[in-house]
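Here's the structure we're looking at; comments come further down.
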Amino acid sequence: MDFRENLTRLRFEKHLTQAELAEKIGVNLDVVVQWENGDAEPPIKDLLSISDALGVSVDELLGKTETAAESSAEADTESTGESEYCPCCGREVKGSLCLACEFPMTGYQDKGPRYAMISIAENGADFYDSKAELIKYCGITDEEKINRLYDTTKRQVLKRNLSDVAARWIAARINPKHFSLHIVEDQGEPDEKLILKEDVMGIPTYVYKKDNSIGVGGIILIVVLTIIVLSFL
0 MDFRENLTRL
10 RFEKHLTQAE
20 LAEKIGVNLD
30 VVVQWENGDA
40 EPPIKDLLSI
50 SDALGVSVDE
60 LLGKTETAAE
70 SSAEADTEST
80 GESEYCPCCG
90 REVKGSLCLA
100 CEFPMTGYQD
110 KGPRYAMISI
120 AENGADFYDS
130 KAELIKYCGI
140 TDEEKINRLY
150 DTTKRQVLKR
160 NLSDVAARWI
170 AARINPKHFS
180 LHIVEDQGEP
190 DEKLILKEDV
200 MGIPTYVYKK
210 DNSIGVGGII
220 LIVVLTIIVL
230 SFL
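For the sequence shown, numbering that gives the first Met the number 0 assigns the number 0 to the initial residue and increments by one for each residue that follows.
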């Protein structure tokens with residue numbers, strides 16, 4: 000595996016989001032996204048910070064030592080034949096799991112009718128969080144296309160030529176606070192006709208990472224309760 004794949008794999012193993020890793024390293028979220036997409040490589044000082052945050056050596060991070068996970072992935076590749084491409088984010092997959100968007104390839108068959116996902120940006124959508132979702136789950140890295148998707152006055156084609164499984168996977172991982180999504184049948188029409196078609200399936204429940212932090216409000220509440228308890232002592 001190369002650096003990009005190792006970084007993504009190790010982050011998943013440590014159960015860290017891209018934002019959490021960025022905070023540990025002391026860089027912006029966009030920087031981690033670029034690293035995992037292969038659009039940029041970290042300088043030496045950041046490599047050291049990443050290895051410390053993930054608890055691995057720089058050699059393992061750069062793919063210079065073979066890991067158990069890598070051996071397993073190679074075994075999967077040998078048993079399933081040549082590498083495939085993820086039906087969601089479009090990235091190359093070697094093994095049973097897309098390391099970029101976490102789509103499970105085991106038993107997946109890219110057959111049946113094709114679908115397109117239509118999006119409408121919500122007012123006040125968090126640009127950085129929603130951009131990270133577009134990059135991770137849809138594989139969209141073109142800045143111009145990403146910027147167009149934030150036009151709140153128009154329906155936009157987010158992703159085309161999807162199977163029903165891939166369409167539902169992506170739809171469940173795009174925060175509805177960022178985009179309103181619609182899944183329509185894709186029969187090869189031009190985008191301007193596709194955006195006018197009616198929905199053919201419902202949008203699944205949004206899958207999100209539960210935030211276990213208590214937040215500022217929680218801290219204030221704890222302080223207040225502590226003061227009240229101490230006042231009775």
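Ideal Cβ placement from N, Cα and C applies to all residues, glycine included.
{"Asked": "Neighbourhood of N5 by C-beta distance below 6 Å, restricted to the same chain and skipping five residues each side", "Found": "L60 and G62"}
{"Asked": "Segment contact flag, the region 188 to 201 with the region 123 to 138, C-beta cutoff 8 Å, min 3 pairs", "Found": "no"}
{"Asked": "Sub-9 Å separation of S129 and R154 beta-carbons", "Found": "no"}
{"Asked": "Beta-carbon proximity check, D163 vs Y114, cutoff 9 Å", "Found": "yes"}
{"Asked": "Cβ contact check for the region 104 to 111 and the region 130 to 150: 3 or more pairs under 8 Å", "Found": "no"}
{"Asked": "Burial state of R90 (16 or more Cβ within 10 Å)", "Found": "buried"}
{"Asked": "Distance, V92 Cα to I169 Cα", "Found": "17 Å"}
{"Asked": "Buried or exposed by the 16-neighbour rule on C-beta atoms within 10 Å, applied to T152", "Found": "exposed"}
{"Asked": "Under 9 Å between C-beta atoms of A171 and I134", "Found": "no"}
{"Asked": "Opening and closing residue of the beta strand (DSSP E) in which K158 lies", "Found": "Q155 to L161"}
{"Asked": "For V30 and E121, the rounded distance between their alpha carbons", "Found": "25 Å"}
{"Asked": "Test item: CB-CB of F28 and A52 under 9 Å", "Found": "The residue asked about is misnamed: residue 28 is Leu in this sequence, not Phe. No, the Cβ-Cβ distance between L28 and A52 is not below 9 Å."}
{"Asked": "Alpha-carbon to alpha-carbon, A166 and C88", "Found": "11 Å"}
{"Asked": "Rounded distance between the beta-carbons of T16 and A99, thought under 8 Å", "Found": "Going by Cβ atoms, the distance from A99 to T16 rounds to 14 Å, so no, they are not a contact pair."}
{"Asked": "C-alpha distance - D185 paired with M200, whole-angstrom precision", "Found": "13 Å"}
{"Asked": "Local Cβ density within 10 Å of E35, reported as buried at 16 or more and exposed below that", "Found": "buried"}
{"Asked": "Candidates R147, I145 and M116, of which the one nearest D198 by Cα", "Found": "M116"}
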